[in-house]
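In this note's numbering, the protein residues as written are 71 to 405.
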C-alpha cells in the first residue's frame, strides 16, 4: 500500500487536483499557499508511512515466481507498446504547467492533446481509435499488435477506462449532492453543532472539532466537494474569530475529508478504490497510514499551537492581507 500513500501525497499537493483546488477556493485561501501549508502534515505522514512499510517489507519474503511474473509483465508491455522517452512529454507538460502556476484546465488540456499526438506518432493509433478509447475505454486491439504477448490479467488491467466507465461514479455523485442539499437546506448539521461551536475557546479545540466534523460530514454526504461547502458554512466564521488564516481551514478540510473519504465503503472514492483494487475498504484501512497520519498531525498542530509558537498553524497577522479575490469567490460559490 506504499503506492497508495504516494498517490494521495501527489493528489493533495497537485495544483491540478480537483479537491486541492476546491478546498482552497471554498475556504478563501490562495491555492499555492494552501499547498505549501499542507506540507506540514503531508511530509511527516509520508515519513511515517515509509518507515512502517520499510519495516514491514523487510519481513516479507519475495518469491522467485513473483519476480518472474513482474518480468513477464514488463516484457509484454515492451512488446505491445513502443516505449520511449518521448512518452514523458505529457507528464513534463503537467509538471511544468504546475510549476509555472498556469490554470489547471489549460495544463490538462495541453497535456491531453500532446498525448494524443504522441499516440498517433509512436503507437500508430488512429484518431478514431483514440476517441473511441476516450469514450468506451482502452483496448489493446487498437494498437494493432498481438494481444497474446500479455497475460489475461494484464489485458484485464489495461482494457478499461473511458467516459462510460464513470457512469456509476457519476450517478453516485448526483445522489450524494441530493442528500447533501437536504442537509444544507434543513440546517440540520448547523443546529446540531451550534451547542458545540459556542464552547470552542482554543485553537486546539476548534481545529479538532473541525476535523471530527469533517470526517462525520463526509460519511454523511459521501462526496468531498459537497462536504467542503458544509464545513465552510459551519466553521468559516469560527476560524476567522480565532484569527486563524484560511489555509488552516482548507488544510483541515483536506485532512479530514479528502484523504479519509476513501476509507468508507459508501463514499464515492471508497466505492471506486475498492472496485479497482478488489479489496474491501476495511481490509486496507489499517494500511492507509498516510491518510490517517494527515488527520492526526493536523490535530496535533492545533492542540500544540500554544506551546510551539504556532508551528504548523498560521494566524492572521496585522501585515497579512488576505486575497480578496479568493474570499469573494468563496462567498459566490456558497451563494
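Even for Gly, the Cβ is constructed at its ideal location relative to N, Cα and C. All of these numbers come straight from a predicted model, not from anything done at the bench.
Cβ distance (whole Å) where residue i is taken to contact residue j below 8 angstroms
i: residue 234; j: residue 206; result: 6 angstroms
i: residue 344; j: residue 335; result: 6 angstroms
i: residue 199; j: residue 229; result: Actually they do not touch by this definition, with Cβ atoms about 13 angstroms apart.
i: residue 81; j: residue 87; result: 5 angstroms
For residue i, the nearest candidate out of the options (CA to CA)
i: residue 346; options: 204, 124 and 231; result: 231
i: residue 222; options: 152, 139 and 130; result: 139
i: residue 316; options: 225, 143 and 385; result: 385
i: residue 376; options: 252, 286 and 272; result: 272
i: residue 153; options: 97, 193 and 125; result: 193
i: residue 227; options: 268, 143, 295 and 112; result: 143
i: residue 292; options: 313, 264, 337 and 263; result: 337
i: residue 423; options: 269, 245, 264 and 268; result: Residue 423 is absent from the model: the chain starts at 71 and stops at 405.
i: residue 151; options: 258, 212, 313 and 99; result: 212
i: residue 314; options: 107, 74, 81 and 91; result: 107
i: residue 99; options: 180, 111 and 302; result: 302
Proximity of residue i and residue j at Cβ, strictly below 7 angstroms
i: residue 297; j: residue 288; result: yes
i: residue 168; j: residue 114; result: no
i: residue 360; j: residue 119; result: yes
i: residue 19; j: residue 146; result: No information on residue 19 is available, as it lies outside the stretch 71 to 405 that the chain covers here.
i: residue 330; j: residue 285; result: yes
i: residue 89; j: residue 240; result: no
i: residue 94; j: residue 104; result: yes
i: residue 339; j: residue 332; result: yes
i: residue 110; j: residue 382; result: yes
i: residue 299; j: residue 96; result: yes
i: residue 270; j: residue 92; result: no
i: residue 163; j: residue 184; result: yes
Count the C-beta pairs between the region 357-366 and the region 320-327 that are closer than 8 angstroms, then say yes if the count reaches three, no if not.
-> yes
Taking only runs of the alpha helix (DSSP H) that begin and end inside the region 126-169, which ones reach a length of at least 4 residues, in chain order?
-> 134-150 and 159-169
If we count Cβ pairs, one from each stretch, closer than 8 angstroms, do we get three or more for the region 291-309 versus the region 276-283?
-> yes
Do the region 147-165 and the region 185-196 make contact, defined as three or more Cβ pairs closer than 8 angstroms?
-> yes
Beta strand (DSSP E) runs contained entirely in the region 232-304, provided each spans 3 or more residues | none
Where in the region 307-348 do unbroken runs of the alpha helix (DSSP H), each at least 4 residues long, occur, reported from the N-terminal end onward?
-> 316-323 and 338-347
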